[in-house]
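Position in the sequence shown (from 1) plus 11 gives the number in the working numbering.
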Amino acid sequence: MGKVLGVVIVATALVAGAALYYLQIYAFYEEVPATGTDDVQATARQTGMPEPIAYSDFRAIDADSSPIRYRACFTTDLTPGEMGKTYVPYPDAVPLEAPGWFECFDAGAIGAALEAGRARAFLGEKHIEYGIDRVVAVTQGGRGYVWHQINHCGEVVFDGRPAPADCPEPPEGYR
Numbered sequence: 012m013g014k015v016l017g018v019v020i021v022a023t024a025l026v027a028g029a030a031l032y033y034l035q036i037y038a039f040y041e042e043v044p045a046t047g048t049d050d051v052q053a054t055a056r057q058t059g060m061p062e063p064i065a066y067s068d069f070r071a072i073d074a075d076s077s078p079i080r081y082r083a084c085f086t087t088d089l090t091p092g093e094m095g096k097t098y099v100p101y102p103d104a105v106p107l108e109a110p111g112w113f114e115c116f117d118a119g120a121i122g123a124a125l126e127a128g129r130a131r132a133f134l135g136e137k138h139i140e141y142g143i144d145r146v147v148a149v150t151q152g153g154r155g156y157v158w159h160q161i162n163h164c165g166e167v168v169f170d171g172r173p174a175p176a177d178c179p180e181p182p183e184g185y186r
């Protein structure tokens, strides 16, 4: 009887582990269809508003389960230097890991390119959701990446503390 019970426990743990893996890596993500016009935007220095940039080969995924699951890849003819003249830089950009099956987005390689100066990050849109910024990074080779990142307002408010003075008032239910 003990062996049967042991097999049942191990089998249940394996099924639960496989289900958890599937749910985390595959189940919640959906491909984001490209609109062809405004999938990639950066915030202009002059206006403080997001505006579309020229891009091609756009691929993106997102999930309703979290506001920071958005990832996208694209190509552009713009260089980081050209973008730096027009768009707001994002100095604390930290790309977040994407599921392994979304092969175009390698957070480690993007982060290394940002640190080495082979890529630059720009503000896509501030507070795309409260406390979450959309970040756009472009490499010298014309590859581009987009992800959502918790900003300083979100870091504070999501921990249950009052919003800093330079942050907008959080929506109802964030405290």
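Glycine is no exception: its CB is placed at the ideal position from the N, C-alpha and C atoms. Since the model is a prediction, treat every value here as computed from it, not as a measurement.
Q: Assign residue 26 to buried or exposed, taking buried as 16 or more other Cβ atoms, counted over all protein chains shown, within 10 Å of its Cβ.
A: If you number the sequence shown from 1, residue 26 lands on position 15. The residue is exposed, with fewer than 16 neighbouring Cβ atoms inside 10 Å.
Q. By how many angstroms is the C-alpha of residue 173 removed from the C-alpha of residue 118?
A. For this step, residue 118 is matched to residue 107 along the sequence shown. For this step, residue 173 is matched to residue 162 along the sequence shown. Straight-line Cα distance between these residues: approximately 31 Å.
**Q.** Distance, residue 18 Cα to residue 131 Cα
**A.** For this step, residue 131 is matched to residue 120 along the sequence shown. For this step, residue 18 is matched to residue 7 along the sequence shown. Using only the alpha carbons, I get a separation of about 53 Å.
Q.
Just list the residues that DSSP pairs residue 62 with in beta bridges.
A. Counted from its first residue, the sequence shown places residue 62 at position 51. 53.
(Q) Looking at the secondary structure, which residues open and close the beta strand (DSSP E) in which residue 148 lies? (A) Position 137 of the sequence shown, counted from the first residue, corresponds to residue 148. It spans 143 to 150 - the beta strand (DSSP E) in which residue 148 sits, taken as one unbroken run.
Q. Out of 66, 76 and 104, which has the shortest C-alpha to C-alpha gap to residue 89?
A. Your numbering for residue 89 matches position 78 in the sequence shown. Closest by alpha carbon: 66.
Q.
Please report the straight-line C-alpha distance between residue 147 and residue 28, rounded to a whole angstrom.
A. Taking the first residue of the sequence shown as position 1, residue 147 is located at position 136. Taking the first residue of the sequence shown as position 1, residue 28 is located at position 17. Approximately 34 Å between the Cα atoms of the pair.
Q.
For a minimum of 4 consecutive residues, which ranges assigned as the alpha helix (DSSP H) are wholly contained in the stretch 96 to 165?
A. 118 to 127
Q) Among residues of its own chain, excluding the 5 on either side of residue 97, which ones have a beta-carbon nearer than 7 Å to its beta-carbon? A) Counting from one through the sequence shown, the residue named residue 97 turns up at place 86. The residues are 55 and 56.
Q | First through last residue of the beta strand (DSSP E) which encompasses residue 73 | A | As a first step, residue 73 must be located in the sequence shown, where it is residue number 62. Counting along the chain, the beta strand (DSSP E) containing residue 73 begins and ends at 67 to 73.
Q | Endpoints, the beta strand (DSSP E) within which residue 83 is located | A | As a working mapping, residue 83 is identified with position 72 in the sequence shown. Unbroken beta strand (DSSP E) run through residue 83: 82 to 86.
Q: Using three-state DSSP, classify residue 183 as helix, strand or coil.
A: The sequence position of residue 183 within the sequence shown is 172, counting from 1. In the structure shown, residue 183 sits in coil (DSSP, three-state: anything other than H, G, I, E or B).
Q: Would you decide whether residue 16 is buried or exposed? Buried here means 16 or more other CB atoms lie within 10 Å of its CB.
A: In the sequence shown, the residue the question calls residue 16 occupies position 5. So residue 16 counts as exposed.
Q) Under the DSSP definition of a beta bridge, which residues are partnered with residue 42? A) Counting from one through the sequence shown, the residue named residue 42 turns up at place 31. Partner(s): 72.
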